[in-house]
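Asker: In this note's numbering, the protein residues as written are 2 to 318.
Before I ask anything, here is the structure I am working with.
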Amino acid sequence: MRCAVSIDLDGIGCYYRIHGLGPPPAELDHAILERALPRAAALFARHGIHVTWFVVGRDIDKGVGGDGARRSANGARLGALAAAGDELGNHSYSHPYELARLTPGEIDREIAACDRVLRGLVPAVRGFRAPGYDVSPVMLDVLARLGYRYDSSVFPSPGYYAAKAAVMAMLAALRKPSGAVMTNPRLLAAPADPYRPSMTAPWKRGQAPLVELPIATTPWLRVHAIGTSLLIAPSWLRDRLVDAMAKREFWNLELHGIDFSDAAQDGIPGELVDRQPDLRIPIDDKLERMDQLLNQVTARWEVQTLGEIATATQRDA
Ligand SMILES: [Zn+2]
2 MRCAVSIDLD
12 GIGCYYRIHG
22 LGPPPAELDH
32 AILERALPRA
42 AALFARHGIH
52 VTWFVVGRDI
62 DKGVGGDGAR
72 RSANGARLGA
82 LAAAGDELGN
92 HSYSHPYELA
102 RLTPGEIDRE
112 IAACDRVLRG
122 LVPAVRGFRA
132 PGYDVSPVML
142 DVLARLGYRY
152 DSSVFPSPGY
162 YAAKAAVMAM
172 LAALRKPSGA
182 VMTNPRLLAA
192 PADPYRPSMT
202 APWKRGQAPL
212 VELPIATTPW
222 LRVHAIGTSL
232 LIAPSWLRDR
242 LVDAMAKREF
252 WNLELHGIDF
262 SDAAQDGIPG
272 ELVDRQPDLR
282 IPIDDKLERM
292 DQLLNQVTAR
302 WEVQTLGEIA
312 TATQRDA
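So, in structure tokens, the structure goes:
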């Protein structure tokens, strides 16, 4: 069995947008890359695994005014991880949750601009993950043109979809609209194991030159087996989810940078902690739980980067 661990490096500002909280305090702009990422990287190094980091291009673009030196240092940190065997993936330039609804020109600019920034650090970029798990045919066109080998955005979990809809409806009722955007429901019916998608309907099988690597859901009930839910679950439930994932050929285990944040140490305001239950867990507890999870994973799965999984899938699919 093969498992790939990936970390979406969404900045704190993304969570302010989802929860309708307005602009985040400026001092938190680099909190994920400067504080959370080194904790995550140290944990993976201890377990001897190589992972895929999905990077928001603007966060490491030294051309962005003001604090270019900090962006540049964060890019260098990611470049060093890639040089040691990790993979850097494209997570768009500015993480617009509505990416799938933008014009083809805007979609192209978002993906190409992140690609340009990443190519300053690594010779080639092979994979993409859409903000908010909403992949569209135009995105696949752009990825194919850039020569990407895979997309990893499809997340066919009805439970996650329902939870997102509930949060958005609640915020709308409070007149604090969420920055999140509802995912195309057709993606819920997509295959849950790696497949070659159709260029015109990414949720169906087809003849695209790249492969789709769906984010983990369990067999049968399609419960989402991703980092944030595994972190807050009691250990008996986590064990059940791990056992369920062992029934699949491939576990695409998705984490987020914020899973490695500590509200107190990193100065994250109470208004966000109130809305993100995982931020109420101190970092030492989260690292302990993550450590146990990775012990379970490395005991039973071979851990590879998504790029390596894509190469193997392209051979077979
Ligand atoms: Zn994201």
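Think of the CB as a built atom: it goes at the ideal place given N, C-alpha and C, for glycine as much as any other residue.
In angstroms, rounded to a whole number, what distance separates the CA positions of residue 61 and residue 72?
Answerer: Along the sequence shown, one-based indexing puts residue 61 at 60. Along the sequence shown, one-based indexing puts residue 72 at 71. Roughly 4 Å separates the two Cα atoms.
Asker: Are residue 5 and residue 305 touching if we call contact CB-CB under 9 Å?
Answerer: For this step, residue 5 is matched to residue 4 along the sequence shown. For this step, residue 305 is matched to residue 304 along the sequence shown. Taking the C-beta atoms as reference points, residue 305 is found nearer than 9 Å to residue 5.
Asker: Going by other Cβ atoms of all chains shown within 10 Å of its Cβ, with 16 needed for buried, is residue 132 buried or exposed?
Answerer: One-based indexing of the sequence shown puts residue 132 at position 131. Counting Cβ neighbours within 10 Å, residue 132 comes out buried, since at least 16 surround it.
Asker: Beta carbon of residue 9: closer than 8 Å to some heavy atom of ligand 1?
Answerer: Counting from 1 along the sequence shown, the entry for residue 9 is found at position 8. Flag set: Cβ of residue 9 near ligand 1.
Asker: On the CB-based measure, 16 or more other CB atoms within 10 Å of its CB, does residue 255 come out buried or exposed?
Answerer: Working through the sequence shown from its first residue, we reach residue 255 at position 254. Residue 255 should be labelled buried.
Asker: Here's the rule I'm using: 16 or more other beta-carbon atoms within 10 Å means buried, otherwise exposed. How should residue 278 be labelled?
Answerer: Locating residue 278 in the sequence shown gives position 277, where the first residue counts as 1. So residue 278 counts as exposed.
Asker: Would you check if the distance between the CB atom of residue 29 and the CB atom of residue 10 is smaller than 9 Å?
Answerer: One-based indexing of the sequence shown puts residue 29 at position 28. One-based indexing of the sequence shown puts residue 10 at position 9. Against a cut-off of 9 Å, the Cβ pair of residue 10 and residue 29 comes out as no contact.
Asker: State the Cα-Cα distance for the pair residue 289 and residue 217, rounded to the nearest angstrom.
Answerer: Taking the sequence shown and counting its residues from 1, the one referred to as residue 289 is at position 288. Taking the sequence shown and counting its residues from 1, the one referred to as residue 217 is at position 216. Roughly 22 Å separates the two Cα atoms.
Asker: Could you check what DSSP says for residue 39 in three-state terms: helix, strand or coil?
Answerer: Numbered from 1 along the sequence shown, position 38 holds the residue referred to as residue 39. Residue 39: helix per DSSP, three-state reduction.
Asker: What are the start and end residues of the alpha helix (DSSP H) that includes residue 299?
Answerer: On the sequence shown, position 298 is the one that residue 299 refers to. Taken as a continuous stretch (DSSP letters only), the alpha helix (DSSP H) holding residue 299 covers 284-301.
Asker: Have a look at residue 91 and residue 212 and give me their C-alpha separation to the nearest angstrom.
Answerer: One-based indexing of the sequence shown puts residue 91 at position 90. One-based indexing of the sequence shown puts residue 212 at position 211. Using only the alpha carbons, I get a separation of about 15 Å.
Asker: Distance check for residue 295 and residue 67, CA to CA, integer angstroms please.
Answerer: For the purposes of this step, residue 67 is taken as the residue at position 66 of the sequence shown. For the purposes of this step, residue 295 is taken as the residue at position 294 of the sequence shown. Straight-line Cα distance between these residues: approximately 38 Å.
Asker: Using CA atoms only, rank isn't needed, just tell me which of 45, 115, 246 is closest to residue 65.
Answerer: Working through the sequence shown from its first residue, we reach residue 65 at position 64. Checking every option, the nearest Cα to that of residue 65 belongs to 115.
Asker: Hey, would you say the C-beta of residue 130 is under 8 Å away from at least one heavy atom of ligand 1?
Answerer: Position 129 of the sequence shown holds residue 130. It does: the Cβ of residue 130 is within 8 Å (strictly closer) of some heavy atom of ligand 1.
Asker: Taking Cβ to Cβ, would you say residue 307 is nearer than 9 Å to residue 149?
Answerer: Within the sequence shown, numbered from 1, the residue matching residue 307 stands at position 306. Within the sequence shown, numbered from 1, the residue matching residue 149 stands at position 148. For the pair residue 307 and residue 149, the CB atoms are not nearer than the 9 Å cut-off.
Asker: How many angstroms separate the CA atom of residue 1 from the CA atom of residue 235?
Answerer: This structure gives no information on residue 1, because the portion of the chain shown stretches from 2 to 318.
Asker: Return the first residue and the last residue of the beta strand (DSSP E) that residue 256 is part of.
Answerer: Taking the first residue of the sequence shown as position 1, residue 256 is located at position 255. Taken as a continuous stretch (DSSP letters only), the beta strand (DSSP E) holding residue 256 covers 251-257.
Asker: Determine the contact status of residue 13 and residue 52, defining contact as a CB-CB distance below 9 Å.
Answerer: Position 12 of the sequence shown, counted from the start, is the residue given in the question as residue 13. Position 51 of the sequence shown, counted from the start, is the residue given in the question as residue 52. No, these two residues do not count as a Cβ contact at 9 Å.
Asker: I'd like the ranges of any alpha helix (DSSP H) spanning at least 4 consecutive residues and lying wholly in the stretch 91-122.
Answerer: Taken in chain order, the complete alpha helix (DSSP H) segments of 4 or more residues contained in the stretch 91-122 are 105-120.
Asker: Between the stretch 82-102 and the stretch 126-145, are three or more C-beta pairs nearer than 8 Å?
Answerer: yes
Asker: Between which two residues does the beta strand (DSSP E) holding residue 84 run?
Answerer: As a first step, residue 84 is located in the sequence shown; it is residue number 83 there, counting from the start. No beta strand (DSSP E) holds residue 84; the alpha helix (DSSP H) holding it covers 69-84.
Asker: Exposed or buried, which one is residue 201 when buried takes at least 16 other CB atoms within 10 Å?
Answerer: Residue mapping note: residue 201 aligns to position 200 of the sequence shown, counting from 1. With fewer than 16 other Cβ atoms within 10 Å, it is exposed.
Asker: Between the alpha carbons of residue 27 and residue 316, how many angstroms are there, rounded?
Answerer: Numbered from 1 along the sequence shown, position 26 holds the residue referred to as residue 27. Numbered from 1 along the sequence shown, position 315 holds the residue referred to as residue 316. If I take the Cα positions, the gap works out to 46 Å.
Asker: Within its chain, find whatever has a CB closer than 7 Å to the CB of residue 276; leave out the 5 residues flanking it on each side and keep chain order.
Answerer: The count along the sequence shown starts at 1 and reaches residue 276 at position 275. Only 20 meet the Cβ criterion.
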